[in-house]
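Counting in our numbering, the sequence shown runs from 17 upward without gaps. Structure first, commentary second.
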Amino acid sequence: TAVFTDVPASAWYADAVNWAAAQKIVEGYGDGTFGPEAPVTRQQMAAILYRYAIYKGYYTANQSNLSTQFSDYNQISSYAVVPMSWAHANGIIAGTTPTTLNPTGTATRAQITVMLARFCQRFCM
């Protein structure tokens, strides 16, 4: 069934988006939309991987204290604090500089690929 108002049932990605929403892996924007054409931020990617890890039953208690390591910690959205901390502690995400995470910055294709590879190496192999 359709979960988001901007994901037509006929869209090639509709089944995947609806499945991920049903498993609580993606949540959309809170206004009933998903934003299928919107870029993904670094914190959104961390949240998706974190929620997928929960779905798979992977260990998710390992977390970093980001507030003491990164000057832009206060830019992390409340929903993403735990996922970003978990992703950093597990080596899935690193700072864009030694003192910044850039949580609201767009995740480049290269960054997404690295995060996926690190996730798989840490949990799937």
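All C-beta atoms in this analysis are idealised placements derived from N, C-alpha and C, irrespective of residue type, glycine included.
Practice problem: Using the Cα positions of Asn34 and Ser87, report the straight-line distance between them to the nearest angstrom. | Solution: Sequence index remark: in the sequence shown, residue 34 carries index 18 (1-based). Sequence index remark: in the sequence shown, residue 87 carries index 71 (1-based). Their Cα atoms are separated by approximately 36 Å.
In three-state terms, what does DSSP make of Thr21?
Counting from 1 along the sequence shown, the entry for residue 21 is found at position 5. Three-state DSSP puts Thr21 in coil, outside helix and strand.
| request: Would you mind working out which of Gln91, Glu53, Gln39 sits nearest Thr116, comparing C-alpha positions? | output: By 1-based counting over the sequence shown, the position of residue 116 is 100. The residue with the shortest Cα to Cα distance from Thr116 is Gln91.
Report back the beta-carbon spacing between Asp22 and Thr57 to the nearest angstrom; my notes put them in contact at under 8 Å.
Working through the sequence shown from its first residue, we reach residue 22 at position 6. Working through the sequence shown from its first residue, we reach residue 57 at position 41. That pair is no contact at about 18 Å.
| Cβ-Cβ separation, Val42 to Ile64 (assumed contact under 8 Å), whole Å | Here residue 64 corresponds to residue number 48 of the sequence shown, with the count starting at 1. Here residue 42 corresponds to residue number 26 of the sequence shown, with the count starting at 1. Correct: roughly 6 Å between the Cβ atoms.
Thinking Asn106 and Arg138 are a contact (beta carbons under 8 Å), I'd like their distance in whole angstroms, please. For the purposes of this step, residue 106 is taken as the residue at position 90 of the sequence shown. For the purposes of this step, residue 138 is taken as the residue at position 122 of the sequence shown. The Cβ separation is near 5 Å, so the contact holds.
Review point. When you compare only the Cα positions, how much space is there between Leu132 and Tyr95?
Key: In the sequence shown, counting from the first residue as 1, residue 132 sits at position 116. In the sequence shown, counting from the first residue as 1, residue 95 sits at position 79. Rounded to whole angstroms, Leu132 to Tyr95 spans 20 Å at the Cα level.
Does Pro24 pass the burial test, meaning 16 or more other C-beta atoms within 10 Å, or should it be called exposed?
Counting from one through the sequence shown, the residue named residue 24 turns up at place 8. With fewer than 16 Cβ atoms within 10 Å of its Cβ, Pro24 is classed as exposed.
**Message:** Counting only C-beta atoms, is Ala69 closer than 7 Å to chain B at any point?
**Reply:** Among the chains of the structure shown, chain B does not appear; only one protein chain is present.
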